[in-house]
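A.B. asks: In my numbering, the protein residues as written are -10 to 715.
Just so it is clear, CB atoms sit at the ideal spot from N, CA and C, and this is done for glycine as well.
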Amino acid sequence: MFDLSPDGVMIVDLDSERPLAFNPAAARLLGFSGDDFGRLRVREHEANPAPMDTIRGIARVLAEGRVEFETRYRTQQGGQRDVQVLAQTIEFAGRPALYWIVRDITDRKRAASELRESATLAERANRARSEFLANMSHEIRTPMTAILGLTYLLQKTELGSVQRDHAQKIDSAARTLLAILDDLLDYSKLEAGRIAIEQQPFVLREVLDDIAVVFAPSIRDKGMGFNIAIAPTLPTALIGDPARLRQILLNLVGNAIKFSERGRVDVMVSGQRADNGDIDLQLAVRDTGIGIDSETLKRIFEPFYQAETSSTRRFGGTGLGLPITQWLINLMGGTLEIDTTPGVGSEFRVRLCLPEATATAVATLPAPAAVPTTSARLGGLSVLLVEDNPINRHVAREILVGEGAEVDIACDGHEAIDRLRSAPGAYDIVLMDIQMPRMDGFEATREIRETLALRELPVIAMTANVSPEDRAHSRDAGMNDHLAKPIDVQTLVATVLRHARPGAAALAAAPAPRAGADAEPPVLALEQALARLAGHRALYAQMARMFAQEQGESVRQLHDALAQGDRTEAGRAAHTLKGVAATLGAEALSTIAAQLERALKRGVEAEELQRMSERLAEAVAQASVALERAAEQLSPAADEAVPMAEFNRAAFDSHLDALVLALVDSNMAALDHYAELRALASKPLIGPLRAVEDALGRLDFRTALDACRRVEAALDTLAEVTGDLE
-10 MFDLSPDGVM IVDLDSERPL AFNPAAARLL GFSGDDFGRL RVREHEANPA PMDTIRGIAR
50 VLAEGRVEFE TRYRTQQGGQ RDVQVLAQTI EFAGRPALYW IVRDITDRKR AASELRESAT
110 LAERANRARS EFLANMSHEI RTPMTAILGL TYLLQKTELG SVQRDHAQKI DSAARTLLAI
170 LDDLLDYSKL EAGRIAIEQQ PFVLREVLDD IAVVFAPSIR DKGMGFNIAI APTLPTALIG
230 DPARLRQILL NLVGNAIKFS ERGRVDVMVS GQRADNGDID LQLAVRDTGI GIDSETLKRI
290 FEPFYQAETS STRRFGGTGL GLPITQWLIN LMGGTLEIDT TPGVGSEFRV RLCLPEATAT
350 AVATLPAPAA VPTTSARLGG LSVLLVEDNP INRHVAREIL VGEGAEVDIA CDGHEAIDRL
410 RSAPGAYDIV LMDIQMPRMD GFEATREIRE TLALRELPVI AMTANVSPED RAHSRDAGMN
470 DHLAKPIDVQ TLVATVLRHA RPGAAALAAA PAPRAGADAE PPVLALEQAL ARLAGHRALY
530 AQMARMFAQE QGESVRQLHD ALAQGDRTEA GRAAHTLKGV AATLGAEALS TIAAQLERAL
590 KRGVEAEELQ RMSERLAEAV AQASVALERA AEQLSPAADE AVPMAEFNRA AFDSHLDALV
650 LALVDSNMAA LDHYAELRAL ASKPLIGPLR AVEDALGRLD FRTALDACRR VEAALDTLAE
710 VTGDLE
C-alpha cells in the first residue's frame, strides 16, 4: 500500500527532517531521482525561501499529534506545485518519526482560482450592466419628461380630432416605452440581488384604489367589467412594502386585462389572522381571457419568455412581468399559484403573511391628499422649482402655472439657497431636481435644513433616479417625498397638496426652535393640526385618544433602549414619537423628540441623554393631557342626545348607511361618518353607539361593523316602542 499510493508518502526522521523511507510517488511528484530526494530535508521542498509552513506544521504535529496544512513545493526542474500535507507522529524502527503524506492539489487550486475569477468577472459584468441600465434609465427618463409633459400641455390646447388622437398615441407610446424600461431595470436589480423589501405601515385600500385608477381607461376602452372586492374583516393597515405590492398587482391585473378581449377582471382580497397574530393575506386576480396551455405554463416564469412570437406581436411586452412578480413575491416570503383553462381564463393567487400595523403606526401615515377637480388645483400656492434642464424646467413650470400655482425658477442648488435666504417666507413648497451642476439637490436640501434652518418647508425630489436606494438618499438628505420622472401630473398635484397648503410659507420660514430660545413651541397647535388633516375633527379626536392611550408604551420602549445602550432602537422610538406628535400638533413634544433623535445620532453622552429623556417624558405627559382635552372638545358629550321629538329617522338612517359602507371598505372616512351620526342620535341609541365609538377608537372596523348591526336592531326596537319614528 505504501508503494502503490498515488500520494507521496514519507516517514521522516524527527531530528534530521530527512526521509527514512518514501514511496515512488513522493519523488515523482517533485521530479527527483530517489537518491537526490532522500538527501533533502522536508522543509527544503517548500518553495518559500523561509519555509514557515513546514516549520509551523512540524511544531503543531509535535504538540497536537496530527495536523493538516497547505503549502507550495518546488520541483527539481524549477517549477512549483500546490500540495496538501497530512502529518502525524509515529514510531518507526523504535524511534519517534513523522508519517508525512503529500497530495498534489495544483489542478484543484487552479480550477478554484479560475472559478473565483469567473465569478468576479461575472459579478463585474452584472454590476456594469446594472449601472449601464440605471444610467440609461436616467438618460431616457430626462427627455421622456419633456415628451410626456409637452404632450400633456398640448392636449390642453384647442386641437382637432385627428391632432388629439395623435397626441394621445404619443402619450401612450411614451408610457409603454417607460414600462419596458422599468421592467428591464427591475429585472437587472433583482438578478443582482439589489432590491430589498421595505417594512413600513400602509393602508391596503389605498394600494387597491391606485390599481383601479391606473386601469380604469383600459377597462373602459375594452368595454370590460372590473371589480375589486376587499373583505371587511381585514385590518385597515398592514406592515410591508406597498410599492412592491402595488407592482405585483399592476403586473397581474395588467396581464389579465391585456390577455382578455372581453368579459371581466376581478380582484378579490381576503385574509385571516395566523397563529402568530400576523395577517395571512390572499389576493386573487381572475380573468376571462385566453388562458394558458400546459406547455406554456411550464415556462411562464422564465425571463423574456413569451408563449409564441405571435403573442409578442399581438400583445406586446418584454416577457419579464411574471418573472419579476414571482421574484418579488418570493422576496416577501409569499407564494404564487395559478389555475388556468385555455380559452376560458386564468386565476393568479398570491399569499403573503404581513403584520398588522399598530394604531400608533397608522397615526403616522399621511392623510391622502384631496385633489380638487377644478383647473386651478394648486391655486394660491407659491412654488420654488429647482431644475437645471431648460426643457424640463419649462414643462414643469407650465404644468404648475396651469394648475394655478405661482412659480419661481432656480437653475441649480446655489440659486435655490440664495432665493430662500433672501425670502425665507416666500414659498409654500420646493420642487428639487437631484443631479444639477454646482450644487446638487441633496446638498441644497441639507443647506435648507441646517444652514437656513427651514425644517418645516416641504422639499420634494423630482428626479429620474427611481431606485429604493435613491428614495432612501432623498429621505436622508431631509426631503419630504420623492417624485419619479417623467412626472405624472395627477401624482404631482396630489403630492404637492399632501405636503403644502396656501399660506404655509410664513410658518415654514420660522426656524425650528433651538434649546434655550425665547420662543418655545406650544404644547398643542390644534388649528394647524386640524388643517393638516383637512379639517377632519372626528379623525383628529380618535388619533388624539389613541396617542393618549398608547404613549406610555412608546416612552417605556425608549427608556428601555437607552438603559440597554441600544441607540439605534432609541433613535427609532424618538423618530416615531416625533412624527406622531407633529401630526397631532404636539409641537413641544415633537421638538424635544427631534432634539433627542439628533443627540442619539451625534453620540451625546449617556448622562445628557438621560436628562433629555426625562424632559421628553414631561412633554409626553403635558401633550397627553392637552390631547385628551382636545378630543373631548371635538367629540360630543357622552350623554348628549337629540330630544326624541326632534329625532330624524331618515337622516339617521342615511348617515348609518354611509358609515356601514365606509366600514365595509375599511375607509378612514368612517370616523367622520360616525361623528355626523352621533350628532343625530337620540338617548336610547347612545349605548349601542358607544360600542361603535370604542371600536373606531382602536380602528377595529370589523368590530365597529358588528356594533352597527346592533345599532340597527336598537333602532328597530325603538321604532316599535314609540310607534312614531317611521
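1. Enumerated in chain order, which unbroken segments of the beta strand (DSSP E) with a length of 3 residues or greater are wholly contained in the segment 41 to 117?
2. I'd like to know whether the C-beta atoms of Thr314 and Asn240 end up nearer to each other than 8 Å.
3. Helix, strand or coil for Leu420 per DSSP?
4. Between Thr277 and Gly334, which are expected to be in contact by the criterion C-beta below 8 Å, what is the C-beta distance as a whole number of angstroms?
5. For the segment 188 to 275, list the beta strand (DSSP E) runs that are entirely contained and at least 3 residues long, ordered along the chain.
6. Helix or strand or just coil, what does DSSP make of Thr134?
7. Taking the alpha helix (DSSP H) that Glu445 belongs to, which residues open and close that run?
8. If you follow the beta strand (DSSP E) that Met(-1) is in, where does it begin and where does it stop?
9. How is Arg604 classed by DSSP in three states: helix, strand or coil?
10. Return the CA-CA distance between Thr146 and Ala156, expressed in angstroms with no decimal places.
11. Would you tell me roughly how many angstroms separate the C-alpha atoms of Glu404 and His471, rounded to the nearest one?
12. Evaluate Ala162 with the Cβ neighbour count: other Cβ atoms within 10 Å of its Cβ, from every protein chain shown; 16 or more gives buried, anything less gives exposed.
13. By the three-class DSSP mapping on this structure, what secondary structure does Gly483 have?
14. Count the other CB atoms, across all protein chains shown, that sit within 10 Å of the CB of Asn381; report buried if there are 16 or more and exposed otherwise.
15. By the three-class DSSP mapping on this structure, what secondary structure does Leu143 have?
16. Taking one C-beta from the segment 462 to 482 and one from the segment 426 to 446 each time, how about it: are there three or more such pairs within less than 8 Å?
17. Name the residue from Ala10, Asp210, Val375 and Asp377 whose alpha carbon lies nearest to the alpha carbon of Glu250.
18. Any idea what DSSP makes of Ala453, helix, strand or coil?
19. In this structure, what does DSSP give as the bridge partners for Ala473?
20. Look at His548 and Ser602 and say whether their C-beta atoms are less than 8 Å apart.
21. From the DSSP output, in three-state form, read off Glu345 for me.
22. Given a cut-off of 8 Å, decide if Val258 and Ile289 are closer than it, judged by their beta-carbon atoms.
23. How is the alpha helix (DSSP H) around Pro379 delimited, first residue to last?
24. Which term fits Asp(-8), buried or exposed, when burial requires 16 or more other beta carbons within 10 angstroms of its beta carbon?
25. If you check the beta carbons only, do Gly20 and Gln73 fall under 8 Å apart?
26. Please state the DSSP three-state secondary structure of Arg338.
27. Give me the DSSP bridge partner(s) of Ser371.
28. Who does Asp328 pair with in a DSSP beta bridge?
29. Sorted by chain position, which residues of the same chain lie with C-beta nearer than 7 Å to Glu6's C-beta, five sequence neighbours on each side aside?
30. Rounded to whole angstroms, what is the Cα-Cα separation between Glu701 and Asn216?
31. Please state the DSSP three-state secondary structure of Pro312.
32. Assuming Ala670 is part of the alpha helix (DSSP H), what are its boundary residues?
33. Does the separation of the CB atoms of Val384 and Ala135 fall below 8 Å?
34. With distances taken Cα to Cα, identify the nearest neighbour of Ala36 among Asn12, Gly67 and Arg45.
35. Using the C-alpha atoms, what's the distance from Leu167 back to Val242?
36. Using DSSP bridges, identify the partner residues of Phe11.
C.D. replies: If we stick to the structure as given:
1. 55 to 63, 69 to 81 and 84 to 93
2. yes
3. Three-state DSSP puts Leu420 in a strand.
4. 4 Å
5. 189 to 192, 214 to 219, 226 to 229 and 253 to 262
6. helix
7. Per DSSP, Glu445 belongs to no alpha helix (DSSP H) and is neither H nor E.
8. Gly(-3) to Asp2
9. helix
10. 11 Å
11. Rounded to whole angstroms, Glu404 to His471 spans 21 Å at the Cα level.
12. exposed
13. The sequence shown places Ala at residue 483, rather than the Gly named in the question. In the structure shown, Ala483 sits in a helix (DSSP, three-state: H, G or I).
14. Buried: at least 16 other Cβ atoms inside 10 Å.
15. helix
16. yes
17. Asp210
18. coil
19. Thr452
20. Yes, Cβ-Cβ distance for His548 and Ser602 is below 8 Å.
21. strand
22. no
23. Pro379 to Gly391
24. exposed
25. no
26. Arg338 falls in the strand class under three-state DSSP.
27. Glu395
28. Glu336
29. Arg30, Val31 and Arg32
30. 28 Å
31. helix
32. Careful: Ala670 lies outside any alpha helix (DSSP H) and carries neither H nor E.
33. Yes, they are a contact pair.
34. Gly67
35. 18 Å
36. Met(-1)
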